[in-house]
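Just so we're aligned: the sequence shown equals residues 249 to 551 in the numbering used here.
We treat Cβ as the ideally placed atom computed from N, Cα and C, and that holds for glycine.
Since the model is a prediction, treat every value here as computed from it, not as a measurement.
Worksheet: the structure to be examined is printed underneath.
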Amino acid sequence: MKLIIDTDPGIDDAMAIAYAHAAPDIDLLGLTTVFGNTHVAQSSRNARYLLNLLGAELPVATGAALPYGAETYRPSAYVHGDEGFGHFTDVPQIGSDHHLPAAAYLVEMARAHRGDLSVCAIGPLTNIADAIRLDSEFLGNLAQLVIMGGAVFCPGNITAHAEANIYHDPQAAAEVLNAEGNIVLVGLDVTLQTLYQAQDFDALAQVSKATGGFLQEISRFYLEFYQNVAGEDGCGLHDSTAVIACTHPHLFEMTETGVQVDVIGDAVGATRAVDVGAKVRVCRDIDGPAVVDLFTAQVASLP
Ligand code: BDR
Ligand code: CA
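Structure, rendered in structure tokens:
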């Protein structure tokens, strides 16, 4: 499957990119970056560092620095660290960005691989909304758009109502989820059922020294956040779960519904199932252990 990941690396983003690189059924064509867990320039820097670590020579196209409505955005340094990779800071600057901005790159790639390209968006949806604004055929040219975002049938994580990726740009999310296309929403409804614990990272680092070791190192901060703030002994494989949904939809139970996003008000960023508007396939249930095992098996195959 040809895949582009739109990302804000980000600790669980790094895990998802490593998984996509390792998976034999994924042909990863490139990354586009967006603000979110950290500032967009840092997202791109982190993406290029990670690709170099993985030995993957792929384009990185930098995208949006801010949401459409800037008032809800603050980098999630308390979750992902000051530079997005936890306690690992001063990330070396490696290589340079693709000459096109993210949205233009996405539009061009969707045209070049019409009907054959999947996009997995694992950050705020600003680049995807920009691509739709740039080319009304964009979504129609994709095989599918799989989004890590939302909390349709469960509480949020950044507020009681909202999941972080949607909360960081609710306007963009509303535009994307109201557009006609083949869209799958992988939200907290399912990603919280993929717990990855310190001992899982330790075991991964034993067999995959470079990649697993790096993920183990950056995950320490993430696990501390989950322990101290959420009181959980492990983190959700949020972004990896969305990548796995691209190739393994049978591991998910999905329901087709309209999804409305609150763009203002007390519950800004909430994602609600509604009977009107474009239909989205919302993941409601998951074979969590199978997703976790798949992640481990593929990343363990990396050096
Ligand atoms: C999402 O928000 C970010 O913190 C993670 O990288 C993930 O994409 C989970 O709510
Ligand atoms: Ca992310």
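Is the beta carbon of residue i less than 8 Å from the beta carbon of residue j?
i	j	result
A420	P372	yes
N285	H328	yes
Y474	E480	yes
T503	T439	no
L279	A295	yes
H269	A304	yes
Y470	V540	no
G525	Q546	no
A521	D510	no
I191	L499	Coverage of the chain is limited to positions 249 through 551, which leaves residue 191 absent and any answer about it impossible.
L277	M357	yes
C483	V394	no
A312	D378	yes
D261	D487	yes
L197	I274	Within the shown structure, residues of the chain are numbered from 249 to 551, placing residue 197 beyond reach of any answer.
Y267	F449	no
Can you give me the C-alpha to C-alpha distance between residue i and residue j, rounded to a whole angstrom?
i	j	result
L550	R532	31 Å
H416	N375	12 Å
N430	V367	11 Å
A289	T310	8 Å
S467	L452	12 Å
M249	P418	29 Å
L425	D338	36 Å
R340	N405	It is worth fixing the name first, because residue 340 is Pro in this sequence and not Arg. One C-alpha to the other measures close to 31 Å.
D383	K527	20 Å
A369	D254	5 Å
A399	L433	9 Å
F336	H496	32 Å
A446	E385	44 Å
With burial defined as no fewer than 16 other Cβ atoms inside 10 Å of the residue's Cβ, what is the status of residue i: buried or exposed?
i	result
E411	buried
N476	exposed
P272	exposed
N413	buried
Q392	buried
S291	buried
A458	exposed
A408	exposed
T326	Just to set this straight, residue 326 is Tyr in the shown sequence, not Thr. Exposed, since its Cβ has fewer than 16 Cβ neighbours within 10 Å.
S456	buried
D514	exposed
R529	buried
N300	exposed
R322	exposed
I259	buried
In the structure shown, what three-state DSSP assignment does residue i receive?
i	result
T280	strand
F401	coil
I408	Per the sequence shown, the amino acid found at residue 408 is Ala instead of Ile. In the structure shown, A408 sits in coil (DSSP, three-state: anything other than H, G, I, E or B).
F333	coil
T439	helix
T519	strand
Y321	coil
D273	coil
E465	helix
Taking 8 Å as the CB-CB limit, is residue i close to chain B?
i	result
S324	Absent from the structure: chain B. Only one protein chain is present.
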